[in-house]
Each structure stands twice: as C-alpha cells, then as structure tokens.
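Numbered by this note's numbering, the letters in the sequence shown go through residues 6 to 248 in order.
Shown next, in structure tokens, is the structure this report addresses.
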Amino acid sequence: MNAPHDPFELSALRLTLDLARRGTEFFGRGLQGLTDDELDGDSLLPGWTRRQVVAHVASNARAIGRLAQWADTGAETVMYASMEARNAEITAGSILSSDALRESWADSATDLDRRWLALADDRWVVPVRNGQGAMVPLRDTVWMRTRELWIHAVDLNHGAGFRDLPEEVLDRLLGEIVGAWASRGDMGRRLTATDSTHTGYGDPDALDQVTGSLADLAAWAAGRARSGVTSDAGATPVAARWL
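If you want it as structure tokens, here you go:
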C-alpha cells in the first residue's frame, strides 16, 4: 500500500484503511443476511428503508472515490455537484432491482478500494473538499468512509448493534462527536464509559455527566438510541446533532 512517508501518518492510515475494509465486510454480511423483501423494510433511520441505506452507502463510496480521483489527478472532482444531486443519486440507487442494488453496492466498494490501492504516497495529503465544504487531506476521507460503513450497518436494522463495532471505531467516533459539539459551543456535558480504557470525553468539570458502556454512549451520541445511558441531570437528554 502506498501512503505518506511520515511513520506516524503511515501507521494511522494503515489502521484506518483496515477499519474501513473490516467495515465493508461487516456491512456486506448484514446486506447478505437480508432477503429481497426485507430490503423494503424500515431501517433505523427515520423515513428510510433498508434499500435507501444501501443505496446511500454505495453512493458514498462513489463520492469518496471522486475525491480520490481529485487527489490523484489534481483536477477538482467534488463528492456531489449539489445536495440535490446527492439525493438524486441515492434515489436512483434505491429504485434499482434488488440484484442490481446489491451489485451496485459491491461494485462501488471494490472500485473505491482499488482507487485507494493505486494512490501514490504523496496523494494522501492532497487537500480535497469534504461533504461539509471544508478542505481536508485525502487521508481524512478514509475515516469518513469507515464511520459510514459501521454506523449504517447498524442502521440496516437486522440485528447488529453498536456493541458489534470495534472499540477503536467507538472511541474515535465519540471523540469526533464531542469535538463537533464543542466547536459549536456545546460543552455542557461529560461522557464517561464504564467498560473501556477510553473512559472520558468532553469537559471533566461539566455539570451534566452522561454514563454508560462505550457502545451505548456512542449509540446515544450518534442519535441512534437512548437506552443504556444515564445522566446526572435526570432524564437522558436527546443528543445534539453532530453532522
């Protein structure tokens, strides 16, 4: 695998690429376990079917592949031309036949991995524009893909939960979410995991202490569940948006 020359960056990138590939396998197993009829059932995302989740994850692979193309060629190639274009791509995927949708998912994942493998060392640090409009080094998009795969595998609503996610994914996800809250001025709570070496996230002196297992905290913070966590403030609040 080609990667940046800095040893720390190389190690971190390899770890994240491994998590992304494991996430691809995890999502793929979930999809394989669904019958064609079950694809039309509800996902854990309000208003979305499982079919729409699969189409979204396939579309996301192609979008991140476009960023890899940008970094590789130097010619700007955005994730999506617009939010309307993004939504249209997901809709188009969701109305495919079940066989075609499964093939679209598999092809998109394979193509993205192929693009990653083909990148020269210095391409991983090329700045590209993420979905929120910020310029980030291409290497950061590997984590973007990783969290999409693991979280949306749970969203398929077919038995997988945050308890099935690797601890390193849960830890990084919680750190990212709490960091996003802090960047918006929401620093009023501390998250404490009861079952991990990664115990605390957020301001240690915050008045509101939210406690639970690492998996339950991540599910709550990501807006997927409210069970399994407790708050010093009383009733567990709805977690603020982070993306």
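Backbone N, C-alpha and C define an ideal beta-carbon position, used for all residues, glycine too.
Note that this is a predicted model, so its numbers are computed, not measured.
Assigned secondary structure, residue i (DSSP; H/G/I helix, E/B strand, else coil)
i: S48; result: coil
i: V83; result: coil
i: S201; result: coil
i: G239; result: strand
i: W247; result: coil
i: G28; result: helix
i: E14; result: helix
i: T54; result: strand
i: T184; result: One detail in the question is off: residue 184 reads as Gly in this sequence, not Thr. Here G184 sits in helix by DSSP.
Outcome for residue i when other beta-carbon atoms lying within 10 angstroms are tallied against a minimum of 16
i: N92; result: exposed
i: Q137; result: exposed
i: A8; result: Residue confidence is low: A8 scores 46 on pLDDT, short of 50, so the model does not pin down where it sits. No coordinate-derived value is stated.
i: L22; result: buried
i: V243; result: exposed
i: S87; result: exposed
i: I100; result: exposed
i: R195; result: buried
i: G79; result: exposed
i: M6; result: Residue confidence is low: M6 scores 45 on pLDDT, short of 50, so the model does not pin down where it sits. No coordinate-derived value is stated.
Span of the beta strand (DSSP E) around residue i
i: L170; result: That residue, L170, is in no beta strand (DSSP E); it is neither H nor E in DSSP.
i: D213; result: D213 to G217
i: A198; result: R194 to A198
i: S236; result: V234 to S236
i: V252; result: Nothing in the structure corresponds to residue 252, since the chain is present only between 6 and 248.
i: A142; result: According to the sequence provided, residue 142 is Pro. The question's Ala does not apply to it. It spans M140 to P142 - the beta strand (DSSP E) in which P142 sits, taken as one unbroken run.
Residue range of the unbroken alpha helix (DSSP H) whose run includes residue i
i: R152; result: D145 to D160
i: D191; result: Element bounds for D191: n/a, residue is neither H nor E.
Option in the options with minimal Cα separation from residue i
i: E14; options: V130, L222 and R56; result: V130
i: E181; options: D41, D47, D145 and R27; result: D145
i: A125; options: G207, A73, V141 and A90; result: A73
i: Q57; options: G193, A198 and D45; result: D45
i: F31; options: E173, W247, H157 and S201; result: H157
i: D213; options: W148, A240, L24 and L175; result: A240
i: L161; options: R26, S113, G52 and L122; result: G52
i: W264; options: D77, A211 and S16; result: Outside the shown range of the chain, which is 6 to 248, sits residue 264, and nothing can be said about it.
i: G193; options: S201, D210 and G205; result: D210
i: T40; options: A97, D104 and V62; result: D104
i: G184; options: R246, L219, R231 and A220; result: R246
i: G270; options: R107, E94 and L143; result: Residue 270 lies beyond the residue range present for the chain, which begins at 6 and ends at 248; the question has no answer from this structure.
i: A68; options: V133, L36 and T204; result: V133
i: A63; options: E94, L50 and M140; result: E94
i: D116; options: D237, S236, S16 and R26; result: R26
Check: residue i C-beta below 7 Å from any heavy atom of the ligand ZN
i: L20; result: In terms of ligand content, the structure shown is empty, and the ligand ZN therefore cannot be addressed.
Decide yes or no for the touch test of the segment 162-174 against the segment 212-229: beta carbon pairs closer than 8 Å, at least 3 of them.
-> yes
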